[in-house]
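If you're matching positions, the sequence shown starts at 1 in the working numbering and goes up one per residue. Where a beta carbon is used, it is the ideal one built from N, C-alpha and C, also for glycine. Predicted model, so just to flag it, every value in this text is computed and none were measured.
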Amino acid sequence: MAWPESRPSCRSLRTSVRSRARRLRRRKRRPHANRSSDARGPGAKEARAAHYIDRALGGALASSRTLYAAGLAAVEEVAQSFRGKAFKDLLPDEQDDILSRFDSGTVQGFADAAAFFAVVRAHTLQGTFCDPYYGGNAGFVGWDLIGYPGVRTLVTPDEQRLGADVPFNRKSAYDYEMFTKAVASAAPMGAITHGD
């Protein structure tokens, strides 16, 4: 299956799925082949998208935990069924083949395969390009990848011109006093809980 140029390869998702599987099963061993960078530069691994997902599953994305648990179990089951190995021990092309089955929803016995793939893909993209405050986009590699110069509180007329060379600003929105952290809480009215 050929991927459209604008769509990330399975490589980023494979890194995320592997990280999720390790954490959920509390594995200490790291996979030997961990592809995430390519000719275009760093990817989801370097952006620490997996870290973003881990944090978010403990908070704002907690409702996705059941889907992740079922999906990761299905990934392992398919890897064992088709290749006789754990997903993390497969060659990159074999991992891509399995993830393509999830993407297309053709995994037998797991009706939510396509939904699981879509959720992991969306969360991986969020973790790669989010404000670093949320645990992803480490070192601003996601923003560098797409040429986003960063949060601006003041933009000059020259910087607003098409094709302008805007200097990169290496700050989270929350490094500025004018931005406040989102608050999300199921606590009683009046109790303030940080949204993270």
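The Cβ-Cβ distance between residue 110 and residue 62 does not fall below 7 Å.
Of the other Cβ atoms in all chains shown, 16 or more fall within 10 Å of the Cβ of residue 72; this residue is therefore buried.
Under the criterion of beta carbons closer than 8 Å, residue 135 and residue 47 do not qualify as touching, at roughly 10 Å.
Note on geometry: alpha-carbon atoms of residue 104 and residue 52 lie some 25 Å from one another.
In the DSSP assignment, residue 102 falls within the unbroken alpha helix (DSSP H) covering 92–104. Residue burial is scored here from C-beta neighbours: residue 98 has at least 16 other C-beta atoms within 10 angstroms and is therefore classed as buried. Of the residues assessed, residue 142 falls on the buried side of the cut-off, its CB having 16 or more other CB atoms within 10 angstroms. The alpha carbon of residue 179 has as its nearest neighbour, out of 108, 153, 96 and 77, the alpha carbon of 153.
Taking each of 76, 64 and 49 in turn and checking the Cα distance to residue 86, the smallest one comes out for 76. Residue 41 carries a strand assignment under DSSP once its states are collapsed to helix, strand and coil.
A straight line joining the alpha-carbon of residue 95 with that of residue 137 spans about 24 Å.
Rounded to whole angstroms, residue 84 and residue 93 show a C-alpha spacing of 15 Å. Within the same chain, 132, 150, 168 and 170 come within 8 Å of residue 140 by CB-CB distance, once the 5 residues on both sides are set aside.
Assigned with DSSP and collapsed to three states, residue 66 falls in helix. When secondary structure is reduced to three states using DSSP, residue 172 falls in the coil class, being assigned neither helix nor strand. Between residue 124 and residue 49, the C-beta gap is smaller than 7 Å, which places the two residues in contact. In this structure, the straight-line span from the alpha carbon of residue 112 to that of residue 65 is close to 14 Å. Taking the Cα positions, residue 40 is about 11 Å away from residue 144. Exclusion of the five residues before and after residue 80 leaves 86 as the residues of its chain whose Cβ lies within less than 8 Å of its Cβ.
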